[in-house]
Amino acid sequence: MVAVLTDDVVLVDHHCHGVVAEDLDRPGFEALLVEGSVVRDPFGSLLGLAVRRWCAPRLGLAAHASPEEYLARRRALGWRHVTRTLLGAAGVGTWLMDTGVGTLTEPEEFAELCAGQAREVLRLEAVAESVAAGGVAAAEFATAVERELRTRIATGVVGLKSIVAYRSGLRLPAEPPAEDEVRAAAGAWLRWGDSRLESPVLLSWLAHLGARLGAEYSLPLQMHTGFGDDELRLHQADPLLLTDFLTATRASGVRIALLHCWPYQRNAGYLAHVFPHVLVDVGLAVPYLGDRSGVVIAELLELAPFDSVCYSSDGYGLPELHYLAALLWRRGLGQLIDTWIADGTVTVGDAERIVAGIASGNACRAYGLTAPE
Ligand SMILES: [Zn+2]
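For the working numbering, add 466 to where a residue sits in the sequence shown, where the first one is 1.
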């Protein structure tokens with residue numbers, strides 16, 4: 467059998483976060499191995515099994531080492547060594563990092579640890595919240611946020627990111643709210659709200675602003691959809707809820723990247739099928755689903771055009787997640803494509819082109835990156 471997705475295929479990880487730059491005790495490690503805030507036996511899951519099976523040998527242990535052995539080894543080696551080892555083994559040349567969460571490594575330090583390139587993706591809500599925290603009049607709010615976004619974009623970010631799914635959900639209107647509505651909502655938030663932006667009017671306005679600036683600067687707008695932590699109302703994160711927003715933006719020139727998507731990967735695949743400006747991935751789900759991740763990749767590819775699919779890990783905090791995502795994605799997609807070749811569904815040459823696009827080519831085109839080596 468011919469295997470087209472070998473370890474030589476270098477990936478672009480188009481959405482991830484930094485790692486925790488310190489040694490973790492067991493509760494600290496386990497808290498980053500689950501998306502919920504209550505930790506219940508994180509090693510008793512497909513992700514836990516994957517850590518023991520695949521990460522343990524990278525740290526010089528036998529496959530399936532116990533959690534105690536694994537964590538002791540991790541502490542003995544130190545977080546820097548572990549991070550270098552696991553990120554180096556992921557086979558990723560370029561990492562696009564959402565920097566909207568504090569306390570993790572920034573792109574410069576991450577690039578030094580991974581010996582690759584790290585570029586920044588700018589989180590819209592974090593910028594709006596920083597403008598509000600800096601003190602601004604309601605009447606100036608919209609202008610000040612747009613000015614700050616343009617300033618940050620000029621520093622060389624490669625994409626924008628919206629977490630509206632976490633706040634008011636993905637049912638965005640086709641049109642942005644009117645100026646006076648934005649002013650009134652900004653007034654209420656700045657007067658009465660806490661630092662977290664929750665206003666549906668302002669969040670809708672911000673998502674539309676992100677799409678407008680994305681079109682103007684040729685920056686894809688990443689949108690969290692599907693699986694996430696327990697702040698999320700998952701039913702409000704179904705990407706199908708974006709249908710009006712996607713219809714409204716399809717001719718604007720912006721690319722919209724639907725991140726994560728699980729358990730709505732088939733819905734996301736449908737959106738990529740009908741909207742030519744949509745990109746999709748199943749990051750985050752891939753490491754968490756362990757050996758089941760191949761099923762999710764196959765369901766995404768039922769309808770998603772091959773040139774709409776990107777690779778991402780959504781690795782956050784633990785380099786184990788960045789590494790496992792790459793490994794499990796290679797296994798899942800590799801096994802699927804090998805079956806297609808064996809069945810005569812696709813030629814080896816076409817399979818190689820499909821894999822190269824999903825591994826890096828589609829992301830390079832969308833984000834204006836040079837191909838990783
Ligand atoms: Zn993320």
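For each residue, glycine too, the CB sits at the ideal point set by N, CA and C. Fair warning: this is a prediction, and the values are worked out from it, not measured in the lab.
Own chain partners of residue i with C-beta closer than 8 Å, once the 5 adjacent residues on each side are dropped
i, result
"A764", "G798, L802"
"E614", "V593, S596, V597"
Pair within 8 Å by beta-carbon distance, residue i and residue j
i, j, result
"D696", "E575", "no"
"L679", "I722", "no"
"H480", "L562", "yes"
"L724", "V624", "no"
"W520", "L737", "no"
"L766", "A734", "yes"
"W671", "P705", "no"
"L769", "H743", "no"
"A640", "A714", "yes"
"W545", "A487", "yes"
"L794", "A516", "yes"
"V762", "V746", "no"
"G635", "R699", "yes"
"E591", "L663", "yes"
"T560", "P838", "yes"
"A751", "F693", "yes"
"A497", "V485", "no"
"P785", "T549", "yes"
Strand pairing of residue i, partner residues [DSSP]
i, result
"W545", "DSSP, once it has assigned bridges, lists no residue as partnering W545."
"S628", "M689"
"D479", "W561"
"I722", "L687, V744"
"G494", "G494 pairs with nothing; no bridge assigned."
"E584", "It is worth fixing the name first, because residue 584 is Ala in this sequence and not Glu. Answer is W561, bridged to A584."
"R657", "BP columns for R657 are empty, so no partner."
"V485", "G783"
"V775", "V746"
"R589", "K627"
Given residue i as reference, the closest of the options once Cα atoms are compared
i, options, result
"A631", "A652, A581, Q688", "Q688"
"P753", "D747, A792, L766", "A792"
"F741", "A650, S774, G810", "S774"
"G783", "T571, P639, A817", "T571"
"G719", "V748, Y683, V746", "Y683"
"V587", "A822, H690, V814, D710", "H690"
"L708", "R637, W806, R616", "R637"
"G800", "I820, E786, L787", "I820"
"D660", "S503, A599, K627", "A599"
"P493", "E534, G559, V475", "E534"
"L537", "F509, D809, G827", "F509"
"V567", "P729, D780, A751", "D780"
"G676", "L626, E645, D646", "L626"
"L755", "R506, S511, T836, C727", "S511"
"D757", "H701, L513, T551", "L513"
6 Å CB neighbourhood of residue i in its chain, flanking five on each side removed
i, result
"R539", "L525, L527"
"Q731", "V748, V762, E765, L766"
Residues near residue i in its chain [Cβ-Cβ closer than 7 Å; skip 5 each side]
i, result
"A531", "R518, A522"
"L543", "L525"
"P666", "S634"
"D489", "R541, G544, W545"
"A469", "G800, D804"
Inset, instruction - Decide yes or no for the touch test of the stretch 645-656 against the stretch 604-613: beta carbon pairs closer than 8 Å, at least 3 of them. - result: yes
Inset, instruction - Determine contact between the stretch 551-562 and the stretch 522-540, defined as no fewer than three beta-carbon pairs at a distance below 8 Å. - result: yes
Legend entry - the stretch 472-492 / the stretch 814-832 touching (three or more Cβ pairs under 8 Å): yes
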